[in-house]
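Numbering (the UniProt record's numbering), first residue to last: 1 to 222.
Yeah, the Cβ is synthetic: ideal placement off N, Cα and C, and Gly gets one too.
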């Protein structure tokens with residue numbers, strides 16, 4: 001009916017948890033072309049449950065596959081909220097954003113939380129011993145995006161916040177852009193993102209990082 005305002009499902013107020021959720025939407029969210037619906041898809045059930053809790057959604061979590069007839073390995077939640085959709089457009093998100101995403105309006109106070117959400121969504125972490133040197137343990141934090149403009153913005157914002165630069169590389173086989181931080185810079189980055197033990201995050205990724213930090217301490221004294 002005309003004159004009736006759309007109801008809000010999501011409380012639009014910046015906080016550490018809200019900013020983390022925006023990071024998840026940036027990587028694994030999708031804005032429908034109908035200007036109302038959003039969906040979030042992840043391989044991790046925990047990540048999808050965190051998303052649901054952050055935005056206080058009552059919608060059920062479903063399962064889906066990328067291809068018809070394949071095993072439904074992905075968890076998905078969909079909801080409609082016109083006002084939240086408009087808010088996401090205002091801060092720089094958009095439908096079909098993968099290759100055209102650019103700068104986002106994220107308050108500096110909550111950038112660490114947004115970045116952790118981005119890392120839990122499309123980021124990766126790996127570690128290894130470099131055989132060329134005794135007790136040389138290496139690890140990398142990596143952020144990924146199909147949009148060069150967005151990955152350049154992310155690099156610039158991280159540099160502004162914690163004075164580290166990283167290196168951007170385009171992957172030939174996929175066209176993705178990776179922003180990578182080697183060990184010295186990753187140590188600063190990890191401290192920035194996981195600034196206390198209670199921050200909301202993907203536990204398996206945090207555990208992987210924690211094991212590498214423990215191994216790094218052992219390598220230093222070996």
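If we ignore side chains and look at the alpha-carbon of each, how far apart do residue 104 and residue 62 end up?
Within the chain shown, numbered from 1, the residue matching residue 104 stands at position 104. Within the chain shown, numbered from 1, the residue matching residue 62 stands at position 62. In a straight line, the C-alpha of residue 104 is about 29 Å away from that of residue 62.
Taking the alpha helix (DSSP H) that residue 97 falls in, what are its first and last residues?
What you label residue 97 is simply residue 97 of the chain shown in a count that begins at 1. It is not in any alpha helix (DSSP H) - residue 97 carries neither H nor E in the DSSP assignment.
Can you tell which of 60, 156, 28 and 152 has the C-alpha that lies nearest to the C-alpha of residue 97?
In the chain shown, the residue the question calls residue 97 occupies position 97. When each option's Cα is compared against that of residue 97, the closest is 28.
Mind checking which residues open and close the beta strand (DSSP E) that includes residue 21?
Position 21 of the chain shown, counting from 1, holds the residue named residue 21. Careful: residue 21 lies outside any beta strand (DSSP E), inside the alpha helix (DSSP H) at 16-28.
In this structure, how does DSSP classify residue 166 when only helix, strand and coil are distinguished?
The sequence position of residue 166 within the chain shown is 166, counting from 1. Three-state DSSP puts residue 166 in coil, outside helix and strand.
Per-residue burial, residue 59 [other beta carbons within 10 Å of its own, 16 or more giving buried]
Here residue 59 is taken as the residue at index 59 of the chain shown, counted from 1. By the neighbour-count rule (16 or more Cβ atoms within 10 Å), residue 59 is not buried but exposed.
Contact under 7 Å by Cβ, residue 111 with residue 161
For the purposes of this step, residue 111 is taken as the residue at position 111 of the chain shown. For the purposes of this step, residue 161 is taken as the residue at position 161 of the chain shown. A contact, by the Cβ cut-off of 7 Å.
Can you give the beta carbon distance from residue 102 to residue 92, rounded, assuming they're within the 8 Å contact cut?
For the purposes of this step, residue 102 is taken as residue 102 along the chain shown, with counting starting at 1. For the purposes of this step, residue 92 is taken as residue 92 along the chain shown, with counting starting at 1. About 6 Å separates the two Cβ atoms, so the contact holds.
Pairwise C-alpha distance: residue 49 and residue 32:
Locating residue 32 in the chain shown gives position 32, counting from the first residue. Locating residue 49 in the chain shown gives position 49, counting from the first residue. Cα to Cα, the separation comes out at about 21 Å.
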